[in-house]
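Chemist: This is the structure I want to talk about, given as structure tokens.
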Amino acid sequence: MTISTTQGDLRTLSEAERIDLLKGYAEQDAILGSPNPRYKQCKVYCDRYLNIRVQMVGTEGLNDADWDLTIF
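In the working numbering, the protein residues as written are -17 to 54.
Rendered as structure tokens:
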């Protein structure tokens, strides 16, 4: 599913679509190994990001930026 993320379109998305979008961002960022600080206070983003990162590198491979997300 492709969702446009222009400002006007974001307002028309349902809550479920916004959550899916955040999870998609988290998955991409986790693969790259760099969390987006813009979303660090979003529980949905942090949970998904950390889930993917731990699957990829284990807890021993998490960096400081990854660990920062655990407080949210």
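Positions of the beta carbon are idealized from the N, C-alpha and C atoms, including for glycine.
Do the region 37 to 44 and the region 21 to 29 touch if we need at least three Cβ pairs shorter than 8 angstroms?
Modeler: The region 37 to 44 vs the region 21 to 29: no contact.
Chemist: Select from P17, A8, Q10 the residue whose C-alpha is nearest the C-alpha of D46.
Modeler: Here residue 46 corresponds to residue number 64 of the sequence shown, with the count starting at 1. Nearest C-alpha to D46: P17.
Chemist: Thinking just about the alpha-carbon of each residue, which of E9, S(-4), D50 is nearest to the one in Y27?
Modeler: Translated into positions along the sequence shown, residue 27 becomes position 45. Ranking the options by Cα distance to Y27, first place goes to E9.
Chemist: Determine, using beta carbons only, whether D50 and Y31 come nearer to each other than 7 angstroms.
Modeler: By 1-based counting over the sequence shown, the position of residue 50 is 68. By 1-based counting over the sequence shown, the position of residue 31 is 49. Their beta carbons are not under 7 angstroms apart, which means D50 does not touch Y31 by this criterion.
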